[in-house]
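Notes for the one structure printed next.
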Amino acid sequence: MSTRTEGAVAEPEAGTVELSYREAINAALADELASDPTTLLMGEDVATAGGVFKTNEGLSDTFGTDRIRNTPICENGFMGVALGMAVTGLRPIVEIMFSDFLPTAADAIVNELPKFRFMSGGQCEVPVTVRAIGGGTGRFGTQHSATGESWYMGLPGLKVATAGTPGSAYSVLRAAIRSNDPVIFFEHKGLYGRKGPVVRGDGGISPLGDAAVLREGSDVTIVATLLMLDRALAAAEQLAGDGIDAEVVELRWLRPFDVDSVQASLAKTKRLLIAEEQVHVAGWGASLISELTLRGWRWDNAPHVVSLPDHLLIPYSPSLEDALIPSAERIAAEARAAVGK
Amino acid sequence: MSTRTEGAVAEPEAGTVELSYREAINAALADELASDPTTLLMGEDVATAGGVFKTNEGLSDTFGTDRIRNTPICENGFMGVALGMAVTGLRPIVEIMFSDFLPTAADAIVNELPKFRFMSGGQCEVPVTVRAIGGGTGRFGTQHSATGESWYMGLPGLKVATAGTPGSAYSVLRAAIRSNDPVIFFEHKGLYGRKGPVVRGDGGISPLGDAAVLREGSDVTIVATLLMLDRALAAAEQLAGDGIDAEVVELRWLRPFDVDSVQASLAKTKRLLIAEEQVHVAGWGASLISELTLRGWRWDNAPHVVSLPDHLLIPYSPSLEDALIPSAERIAAEARAAVGK
Amino acid sequence: MSGDRRLTWYRQMVEIRLFEDKVQELFMQGRIEGTTHLCQGQEAVSVGAVSALRDDDYLTITYRGHGHALARGMSMTAAFGELMGLTSGCCRGVGGSMHLTDFSRGLIGAFAIVGAGLPVAVGAAMSSKLRGSDAAALTFFGDGATNIGTFHEALNMASVWKAPVVFVIENNLYGEYSPVRDTTPVDDLADRAKAHGMPGVVVDGQDIGAVHQAVSEALARGRAGDGPTLIEAKTYRYRGHSRTDPAKYRKPGELEQWRERDPITLLGAELAAAGLLDEAAQKALHDEVQQQVDDAADEAAQAPVITLEEVEDYVYAH
Amino acid sequence: MSGDRRLTWYRQMVEIRLFEDKVQELFMQGRIEGTTHLCQGQEAVSVGAVSALRDDDYLTITYRGHGHALARGMSMTAAFGELMGLTSGCCRGVGGSMHLTDFSRGLIGAFAIVGAGLPVAVGAAMSSKLRGSDAAALTFFGDGATNIGTFHEALNMASVWKAPVVFVIENNLYGEYSPVRDTTPVDDLADRAKAHGMPGVVVDGQDIGAVHQAVSEALARGRAGDGPTLIEAKTYRYRGHSRTDPAKYRKPGELEQWRERDPITLLGAELAAAGLLDEAAQKALHDEVQQQVDDAADEAAQAPVITLEEVEDYVYAH
Ligand SMILES: Cc1ncc(C[n+]2csc(CCOP(=O)(O)OP(=O)(O)O)c2C)c(N)n1
Ligand SMILES: Cc1ncc(C[n+]2csc(CCOP(=O)(O)OP(=O)(O)O)c2C)c(N)n1
Ligand SMILES: [Mg+2]
Ligand SMILES: [Mg+2]
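Chains as they are written, first to last, in our numbering: chain R, 1 to 341; chain D, 1001 to 1341; chain C, 2001 to 2318; chain L, 3001 to 3318.
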């Protein structure tokens, strides 16, 4: 029922283009909406003024307000609506304006979406994609700055994705929308203006589940997501200046969890640095260290972690927010410590 | 404002008594309600028929239905009510009938309770205790079997506790209720009938945050919570028969996270086995391995884990539920593998 | 209303009644584990409402949904098998008593989280509307569910979007152990419809004709594009909330009073008076259905339990 | 109503108006970061309602709560300081624009999650009732918040428990960019009170006397043990939803039309007619308040930012 329905609309031309992270999201949405008439986008003010973060610019003009649908303010309610649509022939994409609002919809996210197919004995598929916009540096304060990326990675039945560059935003979001299982795709609001190359078109869709090595290196493996990925790449540039050759791995998928790619990189560099914009406990970084350990990795070089402190929350105070969210400099410094230089 | 108010009622006599896990919960509630008139218990049907799991037997007769208060079905709503009570002079205890319903109240749990004091610049205290009743083996199916114990351990501002024996149920719950910060206390519905010694009275209140070594041993450290703790103790008995001396550590608090106690035990046994009734990824077990690794532990003996499979959910099917939830035998077998016997 | 239809209704209600009695028996014997939420006394609501649906309409139910699933055409064997956790079950034993689901009949979900089914039904209704079909959706839930946020969120969305969905409250006077009056400050739950700009209808849940009529009108309204309707069926559950609940919280005499308006007895009397099914025929039908119930339970019990390998495919579609 | 009181109201409304204008200016200059949600045009609701409260009453507000905090007596310096993220702020710069909180004035919370404040206000009201006080609680929220579940959950609990709480909807016609009619199927949001068995009152939110009167009666009702009241104040926000929102979604002429019923102008005319405050005096007062606003902003800006060590104490009370 929920297998994709190819639409009449022709696929856009493939080819690499320079887009902002925001434009990449917009392009991924436009291309999927054009390619499959059963897809639709819903959420609060998604159809007005291009959405609150302007990621949906032009979509309601092109696809109409039936398919680009504003909802009342009721996250748990419209997440359930998306589930009902998904099991009856549509492929809804749900926008959650701030990742901090995911808990408002947590019953649907934890108890319904991932379990629905299972409890029915495999009678249905649940092709729902949730776009959650999160992250700090915006001075949005304690209730509007969470990345939320690890909150739901321990839920079998769900898939969890992230994007830290325009290229991954386009390719991962398209892969997420094409999945016949529920996916939460995390965006970072601090990256919308960031520009980068995007392989547009079906050729640009990355395999679901794969991490990506965005920079090859031999001295240390830096694993990161979202804004930390962006800063890890900047840190790698700084490190190159000091003759430190960092490999940067983007963990685009947290479920499925691509430990293999990280292990392969680690086998080469022997040193691991995790950069996460979240508390380390209960996050993907801790799980990564655990999985590698369970696979027998001996940590002759102890792993290093740059993350949010375990005993603090994100305050509004701009200077404190800057002090708490790891900078490229902090990542670079920790990488130096990791390689002992 | 929320510092405890000593009531007129005298403390019950101290002394060790044999109680069931259910009776221990009941005693902890009764003793705290008696010792502080500002405490109250609220939740769905908490005052009727002793509550759905009969943990509240007699409380409404003793303390009245103002303080043992039935609520409508609206977890997020009454969690918010508890917050409002807590910052205005009361110390509410909230019962969540199944841990699976915690996501229904997740906005209050994630965005309000742990952040309220912080966002106000320290103007208030939030003495709310949430009793979440979780766990499998009851054939309650996919939406009523989660322990939920690790879902909220990554939230600064919150405290998270568990109890795997009648003794810890009494001592940890009383410590939780006396905390001036929000605490989620996890109970396991598969343990209510289990009997054990309880040190009743103020002397029985354990220090907040401490893990407990429930069985000393020298060959392997088994860390567990809730039902897995109960089964780990049974496994230890089986292992003793084979001449394997297992140390069993109950991780009574997940936040604060008592890594020290585990490390101390590990320094002695050199071998770690984690038993958890949850997917390993994103759980306390993964965080424990990560924290130990970050402290420089080298894992000359790789840690072992017994947990729920990462690619499955709990089905109703009784035989499958039994196959999925780690038994004492599986824990013992994994311990043997850990010690190489 | 044609006599034939009422005869079908009568049989279906008897089937549900005896099915539930058997479930209780099997639960006591430990052949059904975990929990059960039975609906004896509420049969006129499920049968009356479901019989108003078209085959292509969508339906969501709750943990108290055995009767509704049977009314929608699920075989007793598939229902018993599910409760026993065997591959003869509609969900092959994976779902259990609280999750009787059958997509082949548009029964797209049985919800164990109070209120969770309502938005899903709204989604199915909107999906149908967006796909250009005039199929509607119907969702059953209890009085207690009208106090949780999702109830209101679902009604609000359905109303602003004019979704072809019918919300049916089975007001059996209790949410678990709590009488409605202790948790809900209105006399008629149907009045809550006004808060969402839709009609609210109160119907006698023991009168199957009245239930069928009200639901038929609401479905027609939805298909015509006039939006959702909230229907409150006043009814009563004879058994406790679940498992072995003795229901000590009932008012004295309350149960007996309701039994006097038993939906099966009421329709039986109507059929006898109309000369369509006399007492003897009714007795014979009960015996026949009892046999059918016992046979179905035995047949369901023959099936094997599903393997871990098989359930792995149910987690992800890939 | 005494003339003095109206003079106080007038001054408070002018203070809020000019405070918010200054916030916009500082935001544009980058001296206030992140986001702001301003309430120009809605001053009669905050001042009229808050002036009906007793000192020991509890109050919750939202991210659009600058005016309400000032109306409750928070100093402009404490408010500016908070918005600037400095230790001169009421929360020492930790909370920011969306979280103006002041327990010393019973302002127990400012919520950035839509609907989250309502149950907290119910809890404060119940706490007061259980502690034997007759202090009440008042909670402000917007029209859009009446579509989220917690709104209904809070009203339902307040009603069954007869909590002394007053729910004040500031219906400014938009929830973010969405006109009420697109998200909400009722004309008067106050009608939603009926779903929870409590009185619902519609009041002209531009008429401060009317707001004060309605809230005073509702508070008296709550203190008397008769339970909660839902009040809908029809008003309008002159600015966009937040930050730099140009509010292109408004109907043409709508803003101008509402400005003709500006709450400050209306009360000013009433005071002039009553010979209490003529145009010249009003002009003088505006100038005086402008000076006060500018001075407060400057004073607030002098304070240092809080250190990480200090904020550590705010996470846990221990
Ligand atoms: C969100 C949530 N809270 C609590 C429960 C536990 N629970 C199961 S049924 C029930 C009572 C529901 O009452 P009602 O809606 O009247 O339905 P009925 O059982 O009477 O058919 C409760 C509280 C649940 N399943 N989900
Ligand atoms: C649960 C939740 N969903 C979405 C948002 C984003 N948001 C902030 S304000 C707002 C609009 C609220 O409108 P209304 O209740 O009318 O209040 P107003 O802003 O008009 O004062 C939205 C959707 C939020 N803060 N919380
Ligand atoms: Mg009921
Ligand atoms: Mg509004």
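The C-beta atom is built at its ideal place from N, Cα and C for all residues, glycine as well.
Exercise. With distances taken from CA atoms, which of Arg-2006(C), His-2066(C), Val-2166(C), Arg-2011(C) is nearest Glu-2288(C)?
Worked result: Arg-2011(C)
For this session: Name all residues in chain order for which at least one heavy atom of ligand 4 lies closer than 6 angstroms to the residue's CB.
Result: Gly-3142(L), Asp-3143(L), Gly-3144(L), Asn-3172(L), Tyr-3174(L), Gly-3175(L)
For this session: Please check if any C-beta of chain C sits within less than 8 angstroms of the C-beta of Pro-1326(D).
Result: no
Exercise. Going by the C-beta, is His-2241(C) closer than 7 angstroms to any heavy atom of ligand 1?
Worked result: Taken from the Cβ of His-2241(C), at least one heavy atom of ligand 1 lies inside 7 angstroms.
For this session: Residues of the segment 2144-2158 of chain C with a CB closer than 8 angstroms to any CB of chain D: list them in chain order, please.
Result: Gly-2144, Ala-2145, Asn-2147, Ile-2148, Gly-2149
Exercise. Do Thr-104(R) and ligand 2 come close, with the Cβ less than 7 angstroms from some heavy atom?
Worked result: yes
Exercise. Residues of chain L with a CB under 7 angstroms from the CB of Tyr-316(R): which are they?
Worked result: Residues of chain L whose Cβ lies closer than 7 angstroms to the Cβ of Tyr-316(R) are, in chain order, Gly-3034, Gly-3085, Gly-3093, Val-3094, Gly-3095, Gly-3096.
Problem set entry | Coil, strand or helix - Asn-1301(D) by DSSP | coil
Exercise. Thinking C-beta only, is Ile-331(R) closer than 8 angstroms to Ala-211(R)?
Worked result: no
Exercise. Any chance the segment 1192-1206 of chain D sits against the segment 1295-1302 of chain D, with 3 or more Cβ pairs inside 8 angstroms?
Worked result: no
Problem set entry | Secondary structure of Gln-278(R), DSSP reduced to three states | strand
For this session: Taking a Cβ distance cut-off of 8 angstroms, strictly less, list which residues of the segment 2175-2207 of chain C are near chain L, in chain order.
Result: Asp-2182, Thr-2183, Thr-2184, Pro-2185, Val-2186, Asp-2191, Arg-2192, Lys-2194, Ala-2195, His-2196, Gly-2197, Met-2198
For this session: Classify Asp-2298(C) as buried or exposed, calling it buried when 16 or more other Cβ atoms lie within 10 Å of its own Cβ.
Result: exposed
Exercise. Apart from the five residues just before and just after Arg-69(R), which ones in its own chain have a Cβ nearer than 6 angstroms to its Cβ?
Worked result: Met-42
For this session: Can you have a look at Thr-2307(C) and say buried or exposed, based on whether 16 or more other CB atoms are within 10 angstroms of its CB?
Result: exposed
Problem set entry | Under 8 angstroms by beta carbon: chain L residues contacting Val-2160(C) | Asp-3182, Thr-3183, Thr-3184, Pro-3185
For this session: Would you tell me roughly how many angstroms separate the C-alpha atoms of Pro-2304(C) and Gly-1136(D), rounded to the nearest one?
Result: 22 angstroms
Problem set entry | Beta-carbon proximity check, Gly-148(R) vs Gly-134(R), cutoff 8 angstroms | yes
Exercise. With a cut-off of 8 angstroms, do at least 3 Cβ pairs link the segment 145-165 of chain R to the segment 3035-3051 of chain L?
Worked result: no
For this session: Examine ligand 1 and report whether any of its heavy atoms sits within less than 7 angstroms of the Cβ of Met-1079(D).
Result: no
For this session: State the beta-bridge partners of Val-183(R) as determined by DSSP.
Result: Thr-129(R), Lys-159(R)
Exercise. Is it true that the segment 73-86 of chain R meets the segment 3132-3149 of chain L, where meeting means three or more beta-carbon pairs spaced less than 8 angstroms apart?
Worked result: The segment 73-86 of chain R vs the segment 3132-3149 of chain L: in contact.
Exercise. According to the neighbour-count rule (16 or more other Cβ atoms, all chains shown, within 10 Å of its Cβ), is Ser-265(R) buried or exposed?
Worked result: buried
Problem set entry | One or two residues paired with Ser-2178(C) in a DSSP bridge | Gly-2175(C)
Exercise. So is His-280(R) in contact with chain L if we call contact Cβ pairs under 8 angstroms?
Worked result: Output row for His-280(R): interface = no.
For this session: Give the straight-line distance between the Cα atoms of Pro-166(R) and Leu-113(R), rounded to the nearest whole angstrom.
Result: Between Pro-166(R) and Leu-113(R), the C-alpha separation is close to 28 angstroms.
Exercise. Residues in the segment 2120-2135 of chain C with C-beta within 8 angstroms of chain R's C-beta atoms, listed in sequence order?
Worked result: Under the 8 angstroms Cβ criterion, the segment 2120-2135 of chain C contributes Val-2120, Ala-2121, Val-2122, Gly-2123, Ala-2124, Ala-2125, Met-2126, Ser-2127, Ser-2128, Leu-2130, Arg-2131.
For this session: Give the residues of chain C in contact with Leu-90(R), contact being defined as C-beta atoms less than 9 angstroms apart.
Result: Gly-2123, Met-2126, Ser-2127, Leu-2130, Arg-2131
Exercise. Do you know whose CA, among Val-3094(L), Glu-3176(L), Gln-3042(L), lies nearest Tyr-3249(L)'s CA?
Worked result: Glu-3176(L)
Exercise. Leaving out the 5 sequence neighbours to the left and right, which residues in its chain are closer than 7 angstroms to Glu-1057(D) when beta-carbon positions are compared?
Worked result: Asn-1026, Gly-1050
Exercise. Leaving out five residues before and five after Met-3001(L) in sequence, what residues of the same chain have Cβ atoms less than 7 angstroms from its Cβ?
Worked result: Here Met-3001(L) scores only 43 on pLDDT, less than 50, and its place in the model is too uncertain to base an answer on.
Exercise. Closer than 8 angstroms, CB to CB, is Tyr-2058(C) near chain R or not?
Worked result: yes
Exercise. Can you name the residues of chain C whose CB is closer than 7 angstroms to the CB of Glu-1044(D)?
Worked result: Glu-2176
Exercise. Which of the three DSSP states, helix, strand or coil, is assigned to Ala-8(R)?
Worked result: Caution is warranted here: a pLDDT of 45 is assigned to Ala-8(R), below 50, making its placement in the model unreliable, and no coordinate value can be reported.
Exercise. Sorted by chain position, which residues of the same chain lie with C-beta nearer than 8 angstroms to Pro-3119(L)'s C-beta, five sequence neighbours on each side aside?
Worked result: Thr-3150, Glu-3153, Ala-3154, Met-3157
Exercise. Using 8 angstroms as the threshold, is the segment 2218-2227 of chain C in touch with the segment 2183-2191 of chain C, meaning 3 or more CB pairs across them?
Worked result: no
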